[in-house]
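Enquirer: All you need for the numbering used here is the position in the sequence shown, starting with 1, plus 3.
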Amino acid sequence: MEFLITGLSSALIMIVVRRLNKENYFDRPELTFTDEGEFVRVRSTSYARFYKTKGRLIKKSHIVKIQKAGCLSIFYKSTFAIDISVHPKNRDKIFEQAKSLFKNAEPVEIDMTS
Numbered sequence: 004m005e006f007l008i009t010g011l012s013s014a015l016i017m018i019v020v021r022r023l024n025k026e027n028y029f030d031r032p033e034l035t036f037t038d039e040g041e042f043v044r045v046r047s048t049s050y051a052r053f054y055k056t057k058g059r060l061i062k063k064s065h066i067v068k069i070q071k072a073g074c075l076s077i078f079y080k081s082t083f084a085i086d087i088s089v090h091p092k093n094r095d096k097i098f099e100q101a102k103s104l105f106k107n108a109e110p111v112e113i114d115m116t117s
């Protein structure tokens with residue numbers, strides 16, 4: 004009986020995890036960036052997005068460049084950068100949201116296919 008319960012619960016957990024992974028649930032733009040008026044809250048890791056941690060609160064006017072390469076990077080005026088790790092399938096959506104939030108920042112795309 005306990006094998007049946009263990010097997011069913013393992014199958015259920017596997018289905019839920021596979022579905023969340025298939026949808027790239029933790030890389031959704033609304034979990035990565037939260038617009039708070041003059042500031043934006045950035046959750047740069049999947050861990051931060053899963054647990055909905057506070058993340059980093061950054062002022063929109065301090066961002067000068069947004070770069071899409073192997074990861075998404077947001078650069079401050081002081082050359083400090085925040086790297087945001089996302090799945091390659093979701094990188095474009097999150098890059099577009101970053102461009103809409105940081106309108107004064109220069110968007111840079113680096114081709115990583117070669």
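Just so it is clear, CB atoms sit at the ideal spot from N, CA and C, and this is done for glycine as well.
Quantities reported herein were computed from a predicted structural model and do not represent experimental measurements.
Roughly how many angstroms lie between the CA atoms of A14 and F53, to the nearest whole one?
Expert: Between A14 and F53, the C-alpha separation is close to 22 Å.
Enquirer: Would you tell me roughly how many angstroms separate the C-alpha atoms of F2 and R46, rounded to the nearest one?
Expert: Only positions 4 to 117 of the chain appear in this structure, which leaves residue 2 out of reach.
Enquirer: Which residue wins for smallest C-alpha separation from R59, given the options I69, V67, F42?
Expert: The option with the nearest alpha carbon to R59 is F42.
Enquirer: What does DSSP give as the partner residues of K62 in its beta bridges?
Expert: Bridge partners of K62: F42.
Enquirer: Go ahead and pull the three-state DSSP assignment for I113.
Expert: Looking at I113 - three-state DSSP - the assignment turns out to be coil, as it is neither helix nor strand.
Enquirer: Starting from the Cα of A72, find the closest Cα among H90, D114, E33 and give me that residue.
Expert: Closest option to A72, Cα to Cα, is D114.
Enquirer: Exposed or buried, H89, counting other C-beta atoms within 10 Å across all chains shown (16 or more means buried)?
Expert: One point to set straight first is that residue 89 is Val, not His, in the sequence displayed. Under this definition V89 is a buried residue.
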